[in-house]
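Each remark here refers to the structure printed beneath this line.
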Amino acid sequence: MILQNIRYLVTQNEDREVLENIDLRVEDSRITEIGKNLSGKNMVKVDCSDRIIMPGLVNAHTHVSMALLRGISDNKGLDEWLNEDIFPAEEAMGEYDAYVGALLGAAEMLKSGTTTFNDMYFHMDSVAKAVENSGIRALLSKGMTDMEDEIHDQLREALDFVKNYGGEERINVGIAPHAIYTCSNELLSYGKHYSEMHDIPFHIHVSETLDENKDVIEEHGMSPIEYLDSHGLLDEQVIAAHGTWLSKNDRKIIAEKNVSVAHNPAANLKLGSGIADVNAMRENGINIGLGTDGPASNNSLNLFQEMKLTGLLHKRDDPTRITEQEVLDMATVNSARALGLEEEIGSIEKGKKADLVMISTDEPSMSPVYGKRGVVSNLVFSFNGGVSEVLVGGELVVENGNCVEIDEETIVDEAERLKQKLV
Ligand SMILES: [Zn+2]
Numbered sequence: 024m025i026l027q028n029i030r031y032l033v034t035q036n037e038d039r040e041v042l043e044n045i046d047l048r049v050e051d052s053r054i055t056e057i058g059k060n061l062s063g064k065n066m067v068k069v070d071c072s073d074r075i076i077m078p079g080l081v082n083a084h085t086h087v088s089m090a091l092l093r094g095i096s097d098n099k100g101l102d103e104w105l106n107e108d109i110f111p112a113e114e115a116m117g118e119y120d121a122y123v124g125a126l127l128g129a130a131e132m133l134k135s136g137t138t139t140f141n142d143m144y145f146h147m148d149s150v151a152k153a154v155e156n157s158g159i160r161a162l163l164s165k166g167m168t169d170m171e172d173e174i175h176d177q178l179r180e181a182l183d184f185v186k187n188y189g190g191e192e193r194i195n196v197g198i199a200p201h202a203i204y205t206c207s208n209e210l211l212s213y214g215k216h217y218s219e220m221h222d223i224p225f226h227i228h229v230s231e232t233l234d235e236n237k238d239v240i241e242e243h244g245m246s247p248i249e250y251l252d253s254h255g256l257l258d259e260q261v262i263a264a265h266g267t268w269l270s271k272n273d274r275k276i277i278a279e280k281n282v283s284v285a286h287n288p289a290a291n292l293k294l295g296s297g298i299a300d301v302n303a304m305r306e307n308g309i310n311i312g313l314g315t316d317g318p319a320s321n322n323s324l325n326l327f328q329e330m331k332l333t334g335l336l337h338k339r340d341d342p343t344r345i346t347e348q349e350v351l352d353m354a355t356v357n358s359a360r361a362l363g364l365e366e367e368i369g370s371i372e373k374g375k376k377a378d379l380v381m382i383s384t385d386e387p388s389m390s391p392v393y394g395k396r397g398v399v400s401n402l403v404f405s406f407n408g409g410v411s412e413v414l415v416g417g418e419l420v421v422e423n424g425n426c427v428e429i430d431e432e433t434i435v436d437e438a439e440r441l442k443q444k445l446v
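If you want the numbering used here, it's the position in the sequence shown, counting the first as 1, plus 23.
Laid out in structure tokens, this is it:
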């Protein structure tokens, strides 16, 4: 397939080039050439003179099946929200519910330009099935806790998942102990061992709330990051979700150990957890990806909304502190790097997967365009997120703004039906 005369191609390559009136060739799931007047015998040619094309966005932290719990509880902090409303609803959630929730979330993500998400939850076979059936790409890990469950059962299930889905085309796998406060030191250490053995990401919630920090400091005499570091658990495989309450020393450790942070500003604000100091982290050279967290605490999976919020929050008293380009980087190349997928996704370059998002130049919220910087500015600060087409690995998964593989009407009806047993 050749996409011809693309009005603006936002590459997110090393030089962050935005190319104009350019062609792009896709063969067997990958981008094979970018240039002027590309030819290709017997190849399908698509006129893109009225399209802006950008890399698919990468959600660095979520729990997609929680789409089924969207709006179930809105005015509580993390502890009360989890214990009073979320844990009881999750108790009632079965494999099929998790599958419907994951498809609902996948539809929302695809339709707002996200092509890859990083997920930890339970019922992960259901999430994997939703990934397979929707056309989206994901990094999936079974969330582990051993407060009540047997540590060996938790590890066995997580490893079975790694073994069963490790070689799938659009599924990458990881290890995900939920958090320090829900996992024993033994479970964390085994988890790290398996992450190293299989060379896969280690995804964990860290320093989400001030209470979590206080509790860990009280129990162990050190911060959550210092605690993980003291057990040799930090390296470039680690994706630390949140990092809302990092000290100067925490940031120094994270930078030294090449840990990536997944920033989730909307969920942090909505649960009243705080605001992560993204600018300080960036000064330390820390790789920061952008996530939504689960759709019960956000309550959306739309990364365009998250980008705008990120730009506004971290400019708040100084508009020069973060640029539109730096925000877009977080939701594309930085998230891809956090997931260990920087060679495959996150930018539009020869050899990478053809995960492409197309936006109509007729879209009012993308108009007018003040040059190449203006395209990026519109994507971060004005675009409403309603994309026209989405390709994942060269396959068309959104067409005219609607999902190709997901029957949206049926899924929405099913979500309405299933919610009744969850409250
Ligand atoms: Zn989370």
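C-beta atoms are modelled at their ideal positions from N, C-alpha and C, and glycine is treated no differently.
Residue i in three-state terms, based on DSSP
i       : result
Gly-58  : strand
Tyr-31  : strand
Tyr-393 : coil
Pro-288 : helix
Val-427 : coil
Leu-294 : coil
Glu-366 : coil
Ile-434 : helix
Arg-440 : helix
Ile-203 : helix
Ile-198 : strand
Gly-124 : helix
Met-24  : coil
Lys-373 : coil
Asn-407 : coil
Asn-36  : coil
Val-446 : coil
Glu-418 : strand
His-146 : coil
Ser-400 : helix
Nonlocal neighbours in the same chain, by C-beta distance under 7 Å from residue i, ignoring five residues either side
i       : result
His-447 : This structure cannot speak to residue 447, because the chain is shown only from 24 to 446.
Lys-395 : Val-41
Met-132 : Asn-82, Phe-140, Ile-159 and Leu-324
Phe-404 : Lys-331, Gly-334 and Glu-347
CB of residue i within 9 Å of CB of residue j, strictly
i       : j       : result
Met-66  : Leu-402 : no
Gly-117 : Leu-92  : no
Asp-195 : Ala-285 : It is Asn, not Asp, that sits at residue 195 in the sequence shown. In this structure, Ala-285 does not lie closer than 9 Å to Asn-195 by Cβ.
Ile-29  : Met-389 : no
Ala-130 : Ile-434 : yes
Gly-100 : Leu-294 : yes
Asp-169 : Ser-207 : yes
Val-410 : Ser-135 : yes
Gly-13  : Tyr-144 : The displayed coordinates of the chain run from 24 to 446. Any statement about residue 13 would go beyond what the structure contains.
Glu-259 : Asn-281 : yes
Asn-156 : Ile-429 : yes
Contact set for residue i: own chain, Cβ-Cβ below 8 Å, skip 5 residues either direction
i       : result
Tyr-204 : Glu-235, Asp-238 and Val-239
Spatial neighbours of residue i in its chain, beta-carbon cut-off 6 Å, leaving aside the 5 residues before and after
i       : result
Pro-288 : Leu-332, Thr-333 and Leu-336
Leu-362 : Asn-141 and Leu-162
Val-49  : Met-24, Ala-377 and Gly-417
Phe-110 : none
Q: Could I get the ranges of all uninterrupted beta strand (DSSP E) runs contained in the stretch 233-281, with 3 residues as the minimum, in chain order?
A: 261-265
(Q) Report the start-end ranges of each alpha helix (DSSP H) in the stretch 328-364 that is 4 residues or longer and not cut off at the edges. (A) 347-352 and 358-361
Q. Along the chain, which unbroken stretches of the alpha helix (DSSP H) at least 4 residues long are found entirely within the stretch 42-115?
A. 110-114
Q) For ligand 1, which residues count as neighbours when the test is a C-beta closer than 6 Å to any heavy atom? A) His-84, His-86, His-228, Ala-264, Asp-316 and Gly-317
**Q.** Residue ranges of each alpha helix (DSSP H) within the stretch 297-328, 4 or longer
**A.** 301-306
**Q.** Secondary structure, alpha helix (DSSP H): runs of 4+ residues fully inside the stretch 150-200
**A.** 174-188
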